[in-house]
Amino acid sequence: MTARPWTRLATLALTLLANVAFADPIPRALDAPPGKPVYVDFWASWCTPCAQSFPWLNSVQQRFGSEIHVVGVNVDTNKSDAARFLQRYPARFALHYDPAGELAAQYQLQGMPSAVLLSPDGKVLWQHSGFRTDEIPDYEAAILSALK
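Quick note on numbering: this note's numbering labels position 57 of the sequence shown as 58, and the sequence is numbered without any gaps.
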């Protein structure tokens, strides 16, 4: 039996609330403002495509930040690995820590990075594994569709 969309969103919010935010100046917003879709990007410090995706995620936050909530969820077991990654690849979007992989398991991720686009009521609108610059138009089409 699958979880109801609002249950999944509540689980996401509770998981994010239970985790410690990273060092300044990273935003610490834990919930999406009402009525906004949420773009959740799961990443790890050892993941080369994750590093390649951060400039694009920063641009999504800059371009669509008033319309969508971007959240990066780190799955490293050692927080210092994530901190070193963030020194090299700064994030301009909300970040959260999921070392046990509980949130990642909920979405049955197939690799890193993985993205899940949620409607304002928590329904999965789109899911993708990996990051390739030639697929950015597809990622942005999913975001634009969620904003309609």
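Here a beta-carbon is modelled for each residue, glycine too, at the ideal position from N, C-alpha and C.
Contact holds between the segment 64-76 and the segment 96-105, because three or more Cβ pairs, one in each stretch, are under 8 Å apart.
Between Ala-83 and Ser-54, the C-beta spacing is not below 7 Å. In this structure, Cys-51 keeps its C-beta atom at 7 Å or more from the C-beta atom of Pro-100. Nearest to His-129 by alpha-carbon distance, out of Pro-38, Pro-35, Phe-43 and Gly-36, is Phe-43.
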